[in-house]
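Under mature numbering (1 follows the signal peptide of the UniProt record, and there is no 0), residues -24 to -1, 1 to 326 are what the sequence shown spells out, in order. Worksheet: one structure, shown below.
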Amino acid sequence: MGLFFWVRLFSGFLLLLLLQIGNASREDCDFFTGSWFLDQYSYPLYKPATCPFVEREFNCLKNGRPDQIFTQYKWQPHDCDLTRFDGQKFLESYRGKSIMFVGDSLSRNQWQSLTCILHSSVPNTAYNLTRVGDVSIFTFTDYEVKVMLDRNVYLVDVVMESVGRVLKLDSIEGSKLWKGIDMLVFNTWHWWNRRGPTQPWDYMEENKKIFKDMDRMVAFEKALTTWANWVDTNIDPAKVKVFFQGISPSHYNGTNWNEPGVKSCTEQKTPVAGSTYPGGLPPAVVVLKNVLSKMKKSVKLLDITTLSLLRKDGHPSIYGLGGRTGMDCSHWCLAGVPDTWNEILYNLIL
Ligand SMILES: *[C@@H]1O[C@H](CO)[C@@H](O)[C@H](O)[C@H]1NC(C)=O
Ligand SMILES: *[C@@H]1O[C@H](CO)[C@@H](O)[C@H](O)[C@H]1NC(C)=O
């Protein structure tokens, strides 16, 4: 073996080393690719069933869920480590500022998680939880930090007109509530598939044309585009941080995690091992990423779909709002998976 061989071998090692260092840099770390590990010493971020204002819907242990291990998984990105959520640091750096989640009950899930994380870091500090119209406002009084939730399931408007309730794919008047907020976290998807009595509209409208219905994925894309145009025209990225919460997945079909015949998430006590989900991604993710890719302004996608897909064990199942007769494999128990969404959010704004 000549000198050339050794030089090549050495430079190969050097390159590998440099790549490793490159991977470890935080700015371009992909927080969304990784796997779940049990870490009973560091997780959950707050004691479950002690967050005083967590809604019954997400309070699985209080509702009788016997296993707690689902609260003790840590998300480990492949390329770097997540910095642990420091609630006090967050409140200090957002002093005087406002954060708003806009969307459906999955937004409520993440909003509640964030208020629980923050409250548990300053348990003796005063807070005020009120509601004005569709907006819930959680104020950390001493820090003048407002963490809000605007319930708005489609982002675009539903308007009562003479024909009935009209879902207007190109109208976004609801956006008046989003002005002057320092950080916005949007989400919509789950309601686009509603049909029957719980569908909250009778017609769709675009360009002043009325439709009885249309392909829901097409409608979803049109509404997202309306929202994207609103962000591009109205948001100054130097002043406002904008995130999209991403598509939160459900677990009603065991075929997707290699348990054919299983029809819900009940009795699921462990995450899917590894970093890929056998069932693949929901199609809505493609539509969302396509719309985001065409935007001018920097909206950061909280790309939580895959990491949440792996957590078939994280849903309330029969320990949610519906209790024993319900089956909720769409929302998430708290403490639980949305705490990780928020921990990643924290890492992105550090
Ligand atoms: C909570 O906030 C509401 C709305 O801003 C206000 O009317 C109310 O007085 C506050 N309550 C406390 C206890 O500070
Ligand atoms: C479950 O998923 C599989 C694979 O995608 C599909 O073939 C099957 O029809 C689904 N079952 C139900 C009940 O939706």
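Every residue gets a Cβ at the ideal spot worked out from N, C-alpha and C, and that includes glycine.
- DSSP lists no bridge partner for Phe61.
- In this structure, the C-beta of Asn104 approaches ligand 1 to less than 7 Å from one of its heavy atoms.
- Non-local C-beta neighbours of Cys241 in its own chain, meaning closer than 6 Å and more than five positions away in sequence, comprise His227, Lys288, His291, Ser293 and Cys305, ordered along the chain.
- With respect to the 8 Å criterion, Gly222 and Leu257 are not classified as neighbours on the basis of their beta carbons.
- Runs of beta strand (DSSP E) with 3 or more residues, each lying fully within the stretch 162 to 217, are found at 179 to 182 and 185 to 187, listed in chain order.
- When the five nearest sequence neighbours on each side are left out, the beta carbons in the same chain lying within less than 7 Å of the beta carbon of Tyr130 are those of Leu143, Thr164, Trp167 and Ala199, in order along the chain.
- From the listed residues Leu326, Thr281 and Ala214, the smallest Cα separation to Val275 is found for Ala214.
- Distances from the CA of Gly299 to each of Lys239, Ile280 and Cys36 were compared; the closest alpha carbon is that of Cys36.
- Between ligand 2 and the CB of Thr202, the shortest heavy atom gap is not smaller than 7 Å.
- Looking at the backbone, the Cα of Met190 and that of Val132 are separated by about 16 Å.
- In the DSSP assignment, Glu243 falls outside any alpha helix (DSSP H) and carries neither an H nor an E.
- Unbroken alpha helix (DSSP H) stretches of 4 residues or longer found wholly inside the stretch 82 to 141: none.
- Assignment of Asp304 by DSSP, reduced to helix, strand and coil, places it in the strand class.
- Arg170 counts as exposed, since fewer than 16 other beta carbons sit within 10 angstroms of its beta carbon.
- Below 8 Å, enough C-beta pairs join the stretch 200 to 219 and the stretch 146 to 154 to call them touching: three or more.
- Counting only runs of at least 4 residues, the stretch 258 to 317 fully encloses the following alpha helix (DSSP H) elements, listed from N- to C-terminal order: 260 to 269 and 281 to 285.
- In this structure, Ser11 is the residue among Ser11, Gly172 and Pro236 with its C-alpha nearest to the C-alpha of Asp57.
- In the DSSP assignment, Gly10 falls within the beta strand (DSSP E) that extends over Gly10 to Leu14.
- Ile325 carries a helical assignment under DSSP once its states are collapsed to helix, strand and coil.
- Distance check between Glu197 and each of Phe61, Lys270, Ser81 and Ile113 places Lys270 closest, using alpha-carbon atoms only.
- A straight-line Cα-Cα distance of about 15 Å links Val262 and Ala204.
- In chain order, the residues positioned with their C-beta nearer than 7 Å to some heavy atom of ligand 2 are Asn229, Thr231, Asn232, Lys239 and Gly255.
- Put simply, of Asp6, Pro99, Pro28 and Ser89 the residue whose alpha carbon is nearest the alpha carbon of Thr47 is Ser89.
- Leu105 and Phe114 do touch by the CB rule: their CB atoms are close to 5 Å apart, below 8 Å.
- For Lys50, the enclosing beta strand (DSSP E) starts and ends at Tyr49 to Pro53.
- Remark: C-beta atoms of Tyr179 and Lys188 approach each other more closely than 8 Å.
- If you draw a straight line from the Cα of Thr282 to the Cα of Pro20, it comes to about 20 Å.
- Listed as beta-bridge partners of Leu160 by DSSP are Met76 and Val218.
- Cβ neighbours of Tyr322 within its own chain (closer than 6 Å, five residues either side excluded): Phe61.
- The shortest CA-to-CA distance from Ala249 to any of Tyr70, Thr91 and Leu285 is the one to Leu285.
- Straight-line measurement puts the Cα of Gly63 at about 7 Å from the Cα of Ile93.
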